[in-house]
Amino acid sequence: MKTISRLRYFLYLSILIVGCTTGKNALQKGNYDLSVFKAIDRLKNAPKNEEALYVLPIAYDLALKEHLRKIDEAKLSSDVLRWETVLGHYQKINQLSDEVNSSPVALGLIKNPSKYINEVEDSKIKAAEVRYALGLNQLNENNRASAKNAYYNFEKAQYFYPAYKDVSQKLDEAYWAAVLKIVVQPVRVNSSYYQLSNQYFQDQVAQFMKNYQQNRFVIFYSEQQANQQKVNPDQILRLNFEDFIVGQTYVKERVEKIRRDSVVIGETRTKAKIYGTVTATLSIFDKQVSSSGLLAMTIFDNQTQRIIRQQNIPGTYIWQDSWANYHGDERALTNQQLQMTRRREIAPPPPATLFVEFTKPIYAQLVNEISNFYNRY
Numbered sequence: 227m228k229t230i231s232r233l234r235y236f237l238y239l240s241i242l243i244v245g246c247t248t249g250k251n252a253l254q255k256g257n258y259d260l261s262v263f264k265a266i267d268r269l270k271n272a273p274k275n276e277e278a279l280y281v282l283p284i285a286y287d288l289a290l291k292e293h294l295r296k297i298d299e300a301k302l303s304s305d306v307l308r309w310e311t312v313l314g315h316y317q318k319i320n321q322l323s324d325e326v327n328s329s330p331v332a333l334g335l336i337k338n339p340s341k342y343i344n345e346v347e348d349s350k351i352k353a354a355e356v357r358y359a360l361g362l363n364q365l366n367e368n369n370r371a372s373a374k375n376a377y378y379n380f381e382k383a384q385y386f387y388p389a390y391k392d393v394s395q396k397l398d399e400a401y402w403a404a405v406l407k408i409v410v411q412p413v414r415v416n417s418s419y420y421q422l423s424n425q426y427f428q429d430q431v432a433q434f435m436k437n438y439q440q441n442r443f444v445i446f447y448s449e450q451q452a453n454q455q456k457v458n459p460d461q462i463l464r465l466n467f468e469d470f471i472v473g474q475t476y477v478k479e480r481v482e483k484i485r486r487d488s489v490v491i492g493e494t495r496t497k498a499k500i501y502g503t504v505t506a507t508l509s510i511f512d513k514q515v516s517s518s519g520l521l522a523m524t525i526f527d528n529q530t531q532r533i534i535r536q537q538n539i540p541g542t543y544i545w546q547d548s549w550a551n552y553h554g555d556e557r558a559l560t561n562q563q564l565q566m567t568r569r570r571e572i573a574p575p576p577p578a579t580l581f582v583e584f585t586k587p588i589y590a591q592l593v594n595e596i597s598n599f600y601n602r603y
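Anchor point for the sequence shown: position 361 equals 587 in the numbering used here, and the numbering is continuous, going up by one each time.
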């Protein structure tokens, strides 16, 4: 009985798989294009497959009629972008034709499959014409949001028909009307001693601004670039280290009384080991050198002369060192404790290095803050 059940299961599974690969299931579900592609694919591997031979002409005829019906409906609709719908259906018909032509068996079943080359080209021109007209109207509104929409429409027009009128020029015009230009002032620090360390942070910021690509409609300029290119900025980004402390030192001592039993402390005349208890006093020193600062980020609207964003970004870096010494019997110590006693106090990095270190977490937060803010534009 189990053998019969298994045979039925595999027979059912085989029928289901064949139905899927021949396109029969897709045909029954009304997915005529997929049915055509599956049937042809099956015939390429099994030219005499009866189910695929039966499915293909029916599926192709229904697919063609469906696309032509949707083309007629789109042409009669009031949708301003109707030519893109028309174009899409003509292209799908042509894909079906190419697929039929790729199989001698399919071509024997479907003589001269329909192909609409001229209609595709005509639809592309009409689709580009609509997008171009929309772009012109939006560009004439003379505001950044409309210029951005105009850019997208000109981009679509160029995609449909690259040589359409002066679309490349209009695309460039819309872009520069839509782009937000930001001048980033040099990072300021109120100490001449840390100017060199501040330059490292400045270089990091400059590199980020140069490589920024998250929003194509946002461009950052240094003051030098803005002056050279005569850029009138929309916004000004100011970065100042308002407050910082470098090299604040804390040393903490911990004293531990250590006792270990069953330690070999000698031997008898007969060489027998003598066990006893050993003790030691361990002093552990933990040293921390803390450096921290606060970066003030201000975004200034150059048109309204107002501050539109203000944020204080903190950063901290803690340098640590540990060492120890002991009094008593070293055998009371673990290997790790003994290693600590062999270490000596080391000098912390110089202040300039500590300044650089606390700016690293500030830089990470700054990048995130700027990215989130300008993603809205």
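Here a beta-carbon is modelled for each residue, glycine too, at the ideal position from N, C-alpha and C.
All values reported here derive from a predicted model rather than from experimental measurement.
Exercise. Examine the Cβ distances between the region 542-550 and the region 575-592 and report whether three or more of them are shorter than 8 angstroms.
Key: yes
Practice problem: Return the CA-CA distance between Gln367 and Ile462, expressed in angstroms with no decimal places. | Solution: Before going further, note that residue 367 is Glu rather than Gln in the sequence given. In a straight line, the C-alpha of Glu367 is about 25 angstroms away from that of Ile462.
Quiz item: What number of angstroms, rounded off, separates the C-alpha of Ser340 from the C-alpha of Gln254?
Solution: 23 angstroms
Quiz item: Taking the DSSP output, what are the residues bridged to Asn522?
Solution: It is Ala, not Asn, that sits at residue 522 in the sequence shown. Per DSSP, Asn466, Asn538.
Practice problem: Measure the beta-carbon distance from Val405 to Leu322 and round it to whole angstroms, keeping in mind my assumption that it falls under 8 angstroms. | Solution: Val405 to Leu322, Cβ: 43 angstroms. No contact.
Quiz item: Would you say Pro412 and Glu355 are within 8 angstroms of each other, going by their C-beta atoms?
Solution: no
Quiz prompt | N-terminal and C-terminal residue of the beta strand (DSSP E) that Ile297 is part of | solution = No beta strand (DSSP E) holds Ile297; the alpha helix (DSSP H) holding it covers 276-302.
Quiz prompt | Residues that DSSP places opposite Ala550 in a beta bridge | solution = Ile510
Self-check item: Exposed unless 16 or more other CB atoms sit within 10 angstroms - verdict on Tyr316
Solution: buried
Quiz item: Is the CB-CB distance between Met523 and Ile539 below 8 angstroms?
Solution: yes
Quiz item: How would you write the range of the alpha helix (DSSP H) that Val306 sits in, first residue to last?
Solution: Where Val306 is concerned, there is no enclosing alpha helix (DSSP H), given that its DSSP letter is neither H nor E.
Quiz item: So, is His553 buried or exposed, given that buried needs 16 or more other C-beta atoms within 10 angstroms?
Solution: exposed
Quiz item: Expressed to the nearest angstrom, what Euclidean distance is found between the alpha-carbon atoms of Ser518 and Leu508?
Solution: 32 angstroms
Quiz item: What's the gap between the Cα of Thr247 and the Cα of Leu282?
Solution: 12 angstroms
Exercise. Please name the residue in Thr560, Asp460, Arg568 whose C-alpha comes closest to that of Asn551.
Key: Arg568
Quiz prompt | Collapsed DSSP secondary structure at Gly314 in the structure displayed | solution = helix
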